[in-house]
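Right, one structure below, let's go through it.
Numbering (the numbering used here), first residue to last: 1022 to 1487.
Okay, structure coming up:
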C-alpha cells in the first residue's frame, strides 16, 4: 500500500511537470506567432500598441516591419541608411542587427533586434524620448510627475517617453501648488489650471522642452481712486480690481491700472517671497480749467495764471494760464489763481472732477497786467527737463515721482511724474534745488542742481532696483 501511494504521487508530480512544460511551450509559441503575424491578425498586445499609438498597421509582403512613435524617423541598420519609419524590408539576414533611429526634437534611439528564420517579423514600436527641463519662479519647487516626486527641485532635468500622458505638479512650501498636463509629449498640446501661468519652449537641438511655471502670490493693490482694473500688459487680460487681494504671478511683470475717466497707469511689479504684500498708486486725469469774470461774460476766458496746486502736505508748481488742460493725480486739490485786475482766488478740485470753471472777482485798485506781461513773468523761469532710466536695463521709467527740495525756501514741492517716455518738464524759478526721484520697486535717488535764469537744464537720473 505504501509503494502504491509513492508511485501515485510520483506519477502525479511527473504529469504536473509535463502539463506545466506543455503550457509554457504553448505560451512561447503563441508569443512567437503574435510577434510574427503582426497586429492585423489576432487581438494581441502588439496590436493594442499599434492601435493606441495610431501607428500604420503592417500590410503587404515584408520580411521585417519596423516603426517608431512618432513615425517619420530616419532608420539606419548596421550603419546603412534604410529609409523612414514605418519601414517594411523585403529581406534581412537572420541574426542580430543594430538599429539607429533619428528624428529632430527627440533623443536618438540605439537598439538591437534579433531576426529569426521565420518570415514576417513585426517588432514593437520604438518610442522616442524627450528631455524635460523644469524651472519655476521662485525656484526650489518640488516636481511631481504622474504621482511620483522627482529626486530634485527646480531647476531640474528628466527624460520621458513621448507616448506617455504626463500630469505635472510643482509644489513650494510657502505657496499654493500649480499644475499642467500633456496628453503626450509628441503632440505638443498641454493644459493647465485656470489663471495659472506656464511657458513651454522646445529646444530641438537638445531634444528638450523647457517648462517654466510661475507661482502666485496674494497681493493687495490700492489705488486712488479705488476700483481700477489691474490688467496684464502682455495680453490685456484682467487680473482683478484694485482694493481687493489679487493672486499675481511672481517675478517681474508689467501691468496697467485702468479706470474710466482716468489715464492708464503702467506699473511694474517684481514679486518674490520677501516682497511687500501691499502696493499703493495714484491715478491721474486730465482736467480742463478756465477762468472768467464774475461780473462779465462767463463764456469768455480772462487768461488767469495758475500759480500752484495744493493737496495738503504737498504742493505742485503749475506755471500755466487759462484756458488749459492739466494732468493731476486723482486726489482733492486746491488750485490758486492770479490775474491782473482780479482778486486772488482759490478753489477745490474734487478727486473725480474733470473740468473746472472758476469765477474771479474784479478789483479796481489793482493794476491790470497785459497778456505780454504775464508771458514775460512765466519766461523768467528756467525750463528743466528730467529723463529717468533703469540703471541696469537702460529702459525709460514712467511714473517716477519728482520732488523738489527748494533750499532758499526750506520746503519741498512735488513737481509731478515722468510720462511713458520717462521724461518730465517743468518751469522753475532760478535757485538751488535738491531733486528726489521715487518709484515703486526702485531705491529713491536724489540729485542737486543750480538753476540760472535763461539757461535750460536737463537732468538724467538712473535708478537702481531694490
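Even for Gly, the Cβ is constructed at its ideal location relative to N, Cα and C.
Contact between residue 1380 and residue 1330 fails: their C-beta atoms lie close to 18 Å from each other, not under 8 Å. For the 8 Å CB-CB criterion, residue 1249 and residue 1352 do not form a contact. Residue pairing for residue 1447: DSSP places it in a beta bridge opposite 1405.
The alpha-carbon separation between residue 1349 and residue 1154 amounts to approximately 48 Å.
Contact check between the stretch 1159 to 1169 and the stretch 1191 to 1198: three or more CB pairs, one atom from each, fall below 8 Å, which counts as touching. Here residue 1088 has 1076, 1106, 1107 and 1146 as same chain residues with Cβ atoms under 6 Å from its own Cβ, once five neighbours each way along the sequence are excluded. Note on the stretch 1226 to 1298: whole beta strand (DSSP E) runs with a minimum of 3 residues are 1229 to 1235, 1237 to 1245, 1250 to 1253, 1259 to 1262, 1266 to 1270, 1272 to 1279 and 1286 to 1292, in chain order. For residue 1066, the enclosing alpha helix (DSSP H) has its first and last residue at 1066 to 1073. Within a 10 Å sphere around the beta-carbon of residue 1278 sit 16 or more other beta-carbons, which makes this residue buried. The beta carbons of residue 1374 and residue 1486 sit no closer together than 8 Å.
Distances from the CA of residue 1405 to each of 1449, 1429 and 1423 were compared; the closest alpha carbon is that of 1449.
With respect to the C-alpha of residue 1408, the residue from 1482, 1083 and 1321 having the closest C-alpha is 1482. An exposed status is given to residue 1453, since fewer than 16 other beta-carbon atoms sit within 10 Å of its beta-carbon.
For residue 1384, the secondary structure class from DSSP, reduced to helix, strand or coil, is coil. Taking 8 Å as the cut-off, the beta carbon of residue 1455 is found closer than this to the beta carbon of residue 1428.
Remark: three or more beta-carbon pairs, one from each stretch, lie closer than 8 Å, so the stretch 1232 to 1241 and the stretch 1263 to 1274 are flagged as touching. Under the DSSP definition of a beta bridge, residue 1213 partners with 1201. Note that the stretch 1170 to 1185 does not touch the stretch 1111 to 1120; fewer than 3 beta-carbon pairs, one per stretch, sit closer than 8 Å. When secondary structure is reduced to three states using DSSP, residue 1196 falls in the strand class.
Taking the CA atoms as reference points, residue 1255 sits about 12 Å from residue 1287. Our two residues, residue 1094 and residue 1293, have alpha carbons roughly 44 Å apart in a direct line. In this structure, the straight-line span from the alpha carbon of residue 1257 to that of residue 1198 is close to 25 Å. Counted as a single uninterrupted DSSP element, the beta strand (DSSP E) harbouring residue 1174 occupies residues 1169 to 1174. Taking the CA atoms as reference points, residue 1216 sits about 41 Å from residue 1068. Residue 1459 places its beta carbon 8 Å or farther from that of residue 1403. Take residue 1480, set aside five residues on each side of it, and the residues of its chain with a beta-carbon closer than 8 Å to its own are 1405, 1406, 1407, 1408, 1456, 1468 and 1470, in chain order. The three-state secondary structure of residue 1191, taken from DSSP, is strand. Residue 1436 has no beta-bridge partner at all, per DSSP. Remark: C-beta atoms of residue 1433 and residue 1440 do not approach each other more closely than 8 Å.
Out of 1251, 1227, 1226 and 1187, the CA that lies nearest to the CA of residue 1213 is found in 1187. In this structure, DSSP gives residue 1478 an extended state, which the three-state scheme calls strand.
A straight line joining the alpha-carbon of residue 1368 with that of residue 1358 spans about 9 Å.
In the DSSP assignment, residue 1456 falls within the beta strand (DSSP E) that extends over 1452 to 1459. If you draw a straight line from the Cα of residue 1475 to the Cα of residue 1451, it comes to about 9 Å. Per DSSP, the beta-bridge partners of residue 1303 are 1245.
Comparing alpha carbon positions, the residue from 1354, 1318, 1143 and 1309 closest to residue 1342 is 1309.
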